[in-house]
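Okay, so here's the structure we're looking at.
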Amino acid sequence: NQKDITSLIEEFEYPRYGPGMMWERCHELVTEQGSEVLLEHPVRRIRHADGLAHEVEADGPDGPAVFPASHVISSMPLPHLLLAMDPPIPEGVRQAARSIGYRDFLTVALVVAAEDGFEDNWIYIHSPEVRVGRVQNFGQWSPHLVKEGRTCLGLEYFVNEGDDLWSSTDEALVERGKAEMKHLGLLDPDRVEVGYVVRMPKAYPMYDADYQANVEVLRGWLEANARNVHPVGRNGMHRYNNQDHSMYTAMLTVENLLDDGSGPWHDVWQVNVEEDYHEELRTAEADGA
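Numbering-wise (the working numbering), the sequence shown opens with residue 885 and increments by one.
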């Protein structure tokens, strides 16, 4: 019964200072065990031969850095992964990689007094006369994210890199955000203390008519030419999965690599939020448990 499903759960755990805390802790655990985490090392080349990747080259602060590799787990955008292959991929595969698109994203963050916020974590905006699509109230996620007596409203715009909104100055975007909130009756612009802008490229994998076929071309090339390269995550697999499922693909990939043959083999491409998980709470089942 559809009435027994609540599409968004009403209560959940949230890190005190946001999800970044999880990755900070992950960094601590990795380094405590003697491994190294390298930041600001964008990957430029993945060298392969005889069906396997064997070396990764990155741009480090002091110049190129080369790392021998027995396996490569990649969460970079899937087209970027293929375009980094050395020797290069054939033209047909290159065309498929360059045909895969993304929707980009920016947030206009407005700092206001706490009483100018709202009780929800976020609200969706459907008014066609404004371009803001969603408004977050970060103080409702965790009071530790904001200063005492303040909250931060995050106005979210779904954009394309290089379009008029993306290319606007931060100052113009803050003014637009204030004006749109006034138009919606959600905020008096004079109550805004300060505003910031955060741009996030490639936030959403684009699902157009050809994306599945293009992804299959890239997967097929990897399986034939670099079978020890393992795409994971939302951008890595070009799958619009939630954060938990995106992380799960990496966890299952590691289980596959560490398996001695006694455990099940996980097909990470079957981890798909669209089929089996939408943050649903089956209240009837829960009541009967």
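Note that beta-carbon positions come from the ideal geometry of N, C-alpha and C, so glycine has one too.
Owing to the predicted nature of the structure, the values given are computational and were not obtained by experimental measurement.
Can you give me the Cβ contacts of residue 950 inside the same chain, cut-off strictly under 7 Å, excluding the 5 residues immediately before and after it? Answer for residue 950: 939 and 941, listed in chain order.
Sufficient close CB pairs (3 or more, under 8 Å) joining the stretch 1093-1108 to the stretch 976-992: Contact between the stretch 1093-1108 and the stretch 976-992 is present, because at least three Cβ pairs lie under 8 Å.
Mind pulling the alpha helix (DSSP H) runs of 4 or more residues that sit fully within the stretch 1003-1074? Whole alpha helix (DSSP H) segments, 4+ residues: 1022-1025, 1048-1051 and 1054-1068.
Just mark residue 1000 as buried or exposed, buried being the case when its beta carbon has 16 or more other beta carbons within 10 Å. In this structure residue 1000 is buried. Its beta-carbon is surrounded by 16 or more other beta-carbon atoms within 10 angstroms.
Hey, residue 963 and residue 984 are a contact pair by Cβ (cut 8 Å); roughly how many whole angstroms apart? That pair is a contact at about 5 Å.
With a CB to CB cut of under 6 Å and the five nearest residues on each side skipped, what residues in its chain are close to residue 1054? The beta carbon of residue 1054 lies closer than 6 Å to those of 1081 in the same chain, with the five residues before and after it left out.
Same chain, Cβ closer than 6 Å to residue 970, neighbours up to 5 away in sequence not counted: For residue 970, where only same-chain residues beyond five positions count, the Cβ hits under 6 Å are 929 and 931.
Does the Cβ-Cβ distance between residue 1041 and residue 1083 come in under 7 Å? Not in contact: residue 1041 and residue 1083 (Cβ atoms no closer than 7 Å).
Beta strand (DSSP E) segment containing residue 1080, residue limits: Start and end: 1078-1089.
For residue 919, name the three-state secondary structure that DSSP assigns. DSSP, reduced to helix, strand and coil, places residue 919 outside both helices and strands of the structure shown, so it counts as coil.
Out of 967, 935, 1131 and 1036, which one is the CA nearest neighbour of residue 1107? Residue 935 is the option with its Cα nearest to residue 1107.
Straight-line CA distance for residue 1111 to residue 917? So the two alpha carbons sit approximately 28 Å from each other.
Three or more C-beta pairs closer than 8 Å, one from the stretch 1112-1125 and one from the stretch 998-1013: is that the case here? Flag = no, the stretch 1112-1125 and the stretch 998-1013 do not touch.
With a threshold of 16 other CB atoms inside 10 Å of the CB of residue 1019, please say whether the residue is buried or exposed. So residue 1019 ends up on the buried side.
Taking 6 Å as the limit between beta carbons, can you name the residues of its chain near residue 965, skipping five residues before and five after? In the same chain as residue 965, and ignoring 5 residues on each side of it, the C-beta atoms closer than 6 Å to its own belong to 958, in chain order.
Report the option in 1149, 1155 and 1142 whose CA atom is closest to the CA atom of residue 1129. With distances taken between Cα atoms, residue 1129 lies closest to 1155.
Nonlocal neighbours in the same chain, by C-beta distance under 8 Å from residue 1149, ignoring five residues either side: Excluding residues within five positions, the ones whose Cβ falls inside 8 Å are 1140 and 1143.
Return the CA-CA distance between residue 1165 and residue 1024, expressed in angstroms with no decimal places. Confidence is the limiting factor: at residue 1165 the pLDDT is only 45, short of 50, which leaves the residue's position unreliable, though a coordinate-based value still follows. Each residue's alpha carbon lies about 21 Å from the other.
Helix, strand or coil: which one does DSSP assign to residue 901? In this structure, residue 901 counts as coil in the three-state DSSP scheme.
I need the boundaries of the alpha helix (DSSP H) containing residue 1152, first residue and last residue. Following the DSSP letters along the chain, one finds residue 1152 in no alpha helix (DSSP H), marked with neither H nor E.
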